[in-house]
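J.: Questions regarding the structure given below will be posed in turn.
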Amino acid sequence: MTWIVRQPTRFLQEREVLDTLAREVSWIRGIHWRIGDGLIVAVDIDLDIHGRIWEVDLTYPDAFPDTPAYIRPRDRSQRWSIHQYGEGGSFCLEWRADNWHPGVTGADLVRSLHRLLSAEMHPESPTAVPSAHALTVGQERRSDTHRLIATPRLIEIVGALPPNTVKPIQVRSLLHHSGLDKVVTVAVISDIEGATGKMDAIPDVPKGLSSYIPLFAWRSDGFVMLSDAFNAEARIKTVEDLTGLIADLGFADRVSLTPDSGYTTLGDRLVVVIGASPSSFRCWGIEGTSLNTYAVIEAEDFARRLPASYAHLKDFRIGIAGLGSVGSKIAVSLARAGCRKFLLIDEDIFLPENICRNELSWDAVGVHKAEAVKEALSLIAADIDTDVRVYRLAGQESSVAAASVLKALASSDLIIDATARPEVFTLLAAVAKAHQRPMCWGEVFAGGIGGMIARARPRLDPTPLAVRNGILEHLQTLPPAPYVNATRYDVDGDEPHVADDADVSQIASSLARLALDTLMQPKQSSFPYPAYLIGLRPEWVFSGSFDTHPLAIEGEGWDADAPTDDDRNAAIASLLEILKREHR
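In terms of the numbering used here, the sequence shown opens at residue 3 and continues consecutively.
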């Protein structure tokens, strides 16, 4: 009713146009304005269509006329048209939420409903009214409490099977709570029997889902059946109906829905039946003695939403030092872009106070950050390969462990320093130069005023140390920063940093883009300079958000201090002499 207080003139107009319509036409038998529950303004209207009285109410929501009014049967158990949102639901008329404008009146909606019912309910020649009602998958499935995600590789595998085939499957299911009165079960087929009789993993199901950890997805078994005789429109409501269908298709001797040993109820099963078309999935789940119909949602190929040029990112190995606020976000972002091989180095444990900026959440509390990020990556794609080192770079660690970690870093195609610790940077820079590996790094300035990203590439940029020296020289020409730099994002100190998650995400996103550009090596780089100062607030040298200062830096090349040919030959000769003595 609040809209009447805001727009009394519009309320008077609504009454006038409805009264005018009632005088002009013979099919309106009655109009009664009332105030309903919640002080909602409604109009009870009786429509005479083909000799039948259709009792409806026209409701004006509080946000009217900015949102549409709607018409429903007064008897909420009634459904009269396919152009209606379920029993007792509102009608999808010529004006609705997707094309509504404030100039449409309630009288316009009444006319539209009259045209709809006059056509559909004609006693001699009923006419189907074309629908402009396009629903998304989300709209179609919001009432489905059981859903099966059919991945592209699953569809490909079952599509290649011959007719009249039965294959055992393994299923992983997750529970999601949607409000107090609704629990949604989402199932994914993780394995299917292969040609050798062994269970083969579905290649595009992430390992983090196909195992109990980290999502604790419970496992059940089931069957996939293919039969050209299957009628996809078959009504299956009970376990008995499903058992009868299996028998009718000739699979009774190959599919068992009998109780598991030691149990008095049917074992949990997921049964998928496919007809002549590979996409004609029907799916049912047995829980105890109950049968649930699963809505089948066909997923798209992961790569279709990425640039084609990203396809070879899966071949690169990325070493990331520091899985704190910046490093965790970079790892996840690169995995979503198509990177599949990671080396993660961090010795710190994820704690509740880290949640405010890290990519991780409460389900990772108490776990080492590197291990937790590995679990997060395992839920992004099926072919993720992650090497984790719970190790503190430039810390008090075993020399043997140090040698192993640095060797692993040296084999990476890109080294990323997300620790913002100078001593770690120096170590990583030495590894990068010695093994000719590109390196990216960055940090967030305290206070969230901005941040810095930088890189050094063999033969294209100065060495990492030279780039850092160039950055420091430039900073010396600027006024002092208003805050101490946030130099220890890997370990929270006593003084909390005031940069928030949005600030960290902005810099981490820019650093991830810089890393992708470094891996892709496009003909025209999006980052022509080796370093950038990026502003997020109008403080210090920044005029405002996204005020970016590129830094042109010159310095020592990657071949400086390269050994001479004489030294190489002498070292090889000395090594051969040692080998000869050991094999005498």
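Just so it is clear, CB atoms sit at the ideal spot from N, CA and C, and this is done for glycine as well.
Would you call E16 buried or exposed, if buried means 16 or more other Cβ atoms sit within 10 Å of its Cβ?
T.: The count along the sequence shown starts at 1 and reaches residue 16 at position 14. Flag for E16 reads buried.
J.: Taking the beta strand (DSSP E) that L518 falls in, what are its first and last residues?
T.: Residue numbering aside, residue 518 sits at position 516 when the sequence shown is read from its first letter. No beta strand (DSSP E) holds L518; the alpha helix (DSSP H) holding it covers D503 to M522.
J.: Using only the alpha-carbon positions, how far apart do G108 and V27 sit?
T.: Counting from 1 along the sequence shown, the entry for residue 108 is found at position 106. Counting from 1 along the sequence shown, the entry for residue 27 is found at position 25. Using only the alpha carbons, I get a separation of about 15 Å.
J.: DSSP three-state call for K525: helix, strand or coil?
T.: For the purposes of this step, residue 525 is identified with residue 523 of the sequence shown, where counting begins at 1. K525: coil per DSSP, three-state reduction.
J.: Does the separation of the CB atoms of H85 and L118 fall below 8 Å?
T.: Locating residue 85 in the sequence shown gives position 83, counting from the first residue. Locating residue 118 in the sequence shown gives position 116, counting from the first residue. A contact, by the Cβ cut-off of 8 Å.
J.: What residue does the beta strand (DSSP E) around K10 start on, and which one ends it?
T.: As a working note, residue 10 is residue 8 in the sequence shown. Note that residue 10 corresponds to Pro in the displayed sequence, not to Lys. Looking at the DSSP string, P10 is not in any beta strand (DSSP E); the run it does join, the alpha helix (DSSP H), is P10 to E26.
J.: Which residues mark the beginning and the end of the alpha helix (DSSP H) in which H179 is found?
T.: Reading the sequence shown from its first residue, position 177 is the one you call residue 179. That residue, H179, is in no alpha helix (DSSP H); its beta strand (DSSP E) goes T167 to H179.
J.: Roughly how many angstroms separate the alpha carbons of D46 and H124, rounded to a whole number?
T.: For the purposes of this step, residue 46 is identified with residue 44 of the sequence shown, where counting begins at 1. For the purposes of this step, residue 124 is identified with residue 122 of the sequence shown, where counting begins at 1. So the two alpha carbons sit approximately 23 Å from each other.
J.: If we ignore side chains and look at the alpha-carbon of each, how far apart do D348 and C358 end up?
T.: Indexing the sequence shown from 1 puts residue 348 at position 346. Indexing the sequence shown from 1 puts residue 358 at position 356. Looking at the two C-alpha atoms, the distance is approximately 19 Å.
J.: By Cβ distance, which residues of its chain are closer than 6 Å to V188, with the 5 residues on each side in sequence left out?
T.: Here residue 188 corresponds to residue number 186 of the sequence shown, with the count starting at 1. Within the same chain, V188 has close Cβ partners R149 and L176.
J.: Based on DSSP bridge pairs, tell me the residues matched to G224.
T.: Here the question's residue 224 lines up with position 222 in the sequence shown. In the DSSP assignment, G224 forms a beta bridge with I171 and L272.
J.: How would you call S413, buried or exposed, if buried means at least 16 neighbouring beta carbons within 10 angstroms?
T.: By 1-based counting over the sequence shown, the position of residue 413 is 411. It is exposed - the Cβ of S413 has fewer than 16 other Cβ atoms within 10 Å.
J.: How about the stretch 449 to 469 and the stretch 353 to 370: do they share at least three Cβ pairs that are nearer than 8 Å?
T.: Verdict: no, contact absent.
J.: Using alpha carbons as the reference points, say which of T388, L20, L345 and S83 lies closest to V112.
T.: Counting from one through the sequence shown, the residue named residue 112 turns up at place 110. Checking every option, the nearest Cα to that of V112 belongs to L20.
J.: Under a three-way DSSP split, which group does D561 fall into?
T.: Translated into positions along the sequence shown, residue 561 becomes position 559. The DSSP-derived three-state label of D561 is coil.
J.: Could you round the C-beta distance between A339 and L315 to whole angstroms and report it? I think they count as a contact, below 8 Å.
T.: If you number the sequence shown from 1, residue 339 lands on position 337. If you number the sequence shown from 1, residue 315 lands on position 313. Contact holds; Cβ gap of about 6 Å.
J.: Would you give the residue range spanned by the beta strand (DSSP E) that G472 belongs to?
T.: Indexing the sequence shown from 1 puts residue 472 at position 470. From DSSP, G472 is part of no beta strand (DSSP E) but of the alpha helix (DSSP H) over P466 to Q478.
J.: Along the chain, where does the alpha helix (DSSP H) containing P424 start, and where does it finish?
T.: If you number the sequence shown from 1, residue 424 lands on position 422. Taken as a continuous stretch (DSSP letters only), the alpha helix (DSSP H) holding P424 covers P424 to A436.
J.: Once DSSP output is grouped into helix, strand and coil, what is the label at K409?
T.: As a working mapping, residue 409 is identified with position 407 in the sequence shown. In this structure, K409 counts as helix in the three-state DSSP scheme.
J.: When the distance is taken between beta carbons, is L228 closer than 8 Å to N166?
T.: For the purposes of this step, residue 166 is taken as residue 164 along the sequence shown, with counting starting at 1. For the purposes of this step, residue 228 is taken as residue 226 along the sequence shown, with counting starting at 1. The answer is yes: Cβ separation under 8 Å.
J.: Within the continuous beta strand (DSSP E) that includes R284, where are the two ends?
T.: Against the sequence shown, residue 284 aligns to sequence position 282. Where R284 is concerned, the enclosing beta strand (DSSP E) stretches over F283 to E289.
J.: Tell whether a beta-carbon distance below 8 Å holds between A554 and Y531.
T.: Reading the sequence shown from its first residue, position 552 is the one you call residue 554. Reading the sequence shown from its first residue, position 529 is the one you call residue 531. For A554 and Y531, yes; Cβs fall inside 8 Å.
J.: Can you give me the Cβ contacts of K184 inside the same chain, cut-off strictly under 7 Å, excluding the 5 residues immediately before and after it?
T.: Counting from one through the sequence shown, the residue named residue 184 turns up at place 182. Sequence-distant partners of K184 (beyond 5 residues in either direction) whose C-beta falls short of 7 Å from its own C-beta, in its chain, are T147.
J.: Could you tell me the boundaries of the beta strand (DSSP E) in which D551 lies?
T.: For the purposes of this step, residue 551 is taken as residue 549 along the sequence shown, with counting starting at 1. In the sequence as presented, Asp is not what sits at residue 551; that position holds His. H551 -> beta strand (DSSP E) spans T550 to L553.
J.: Could you give the first and the last residue of the continuous alpha helix (DSSP H) run that contains H116?
T.: Counted from its first residue, the sequence shown places residue 116 at position 114. Looking at the DSSP string, the run of the alpha helix (DSSP H) that includes H116 is G108 to E122.
J.: Grab me the residues of P552's own chain with a C-beta within less than 6 Å of its C-beta, minus the 5 sequence neighbours each way, in chain order.
T.: Translated into the one-based positions of the sequence shown, residue 552 becomes position 550. Only Y531 and Y534 meet the Cβ criterion.
J.: Apply the 10 Å Cβ neighbour rule to V500 and answer buried if 16 or more other Cβ atoms are within range, or exposed otherwise.
T.: Residue numbering aside, residue 500 sits at position 498 when the sequence shown is read from its first letter. The residue in question, V500, is exposed, as its Cβ has fewer than 16 Cβ neighbours within 10 Å.
J.: Tell me which residue opens and which closes the alpha helix (DSSP H) that V334 is part of.
T.: In the sequence shown, residue 334 corresponds to position 332, counting from 1. Run containing V334: S327 to A339, per the alpha helix (DSSP H) assignment.
J.: Tell me which same chain residues have a C-beta within less than 7 Å of the C-beta of L429, skipping the five on either side of it?
T.: The residue given as residue 429 occupies position 427 in the sequence shown. L395 and A396, listed in sequence order.
J.: Taking all protein chains shown into account, do 16 or more other C-beta atoms lie within 10 angstroms of the C-beta of E377, making it buried, or fewer, making it exposed?
T.: In the sequence shown, residue 377 corresponds to position 375, counting from 1. It is buried - the Cβ of E377 has at least 16 other Cβ atoms within 10 Å.
J.: Take W560 and list the residues in its own chain whose beta-carbon comes closer than 7 Å to its own, dropping the five residues that flank it on each side.
T.: For the purposes of this step, residue 560 is taken as the residue at position 558 of the sequence shown. Result list for W560: K435, Q438, P460, R461 and T465, in chain order.
J.: Do you know offhand how far D563's Cα is from I299's?
T.: To locate residue 563, count along the sequence shown from 1; it is residue 561. To locate residue 299, count along the sequence shown from 1; it is residue 297. Taking the straight line from one Cα to the other gives about 60 Å.
J.: Just to check my reading of the structure: R74 and D59 have Cβ atoms closer than 8 Å, yes? What is that Cβ distance to the nearest angstrom?
T.: On the sequence shown, position 72 is the one that residue 74 refers to. On the sequence shown, position 57 is the one that residue 59 refers to. At roughly 6 Å, the Cβ-Cβ gap stays under 8 Å, so R74 and D59 are in contact.
J.: Round the Cβ separation of D100 and R155 to the nearest angstrom and send it over; I've been treating them as touching at under 8 Å.
T.: As a working note, residue 100 is residue 98 in the sequence shown. As a working note, residue 155 is residue 153 in the sequence shown. Between D100 and R155 the beta-carbon gap is near 35 Å, outside 8 Å, which marks them as no contact.
J.: With DSSP as the reference, identify every bridge partner of H148, one or two as the case may be.
T.: Taking the sequence shown and counting its residues from 1, one reaches residue 148 at position 146. According to DSSP, H148 bridges with T187.
J.: Where does G88 fall in DSSP's three states?
T.: Here residue 88 is taken as the residue at index 86 of the sequence shown, counted from 1. In the structure shown, G88 sits in coil (DSSP, three-state: anything other than H, G, I, E or B).
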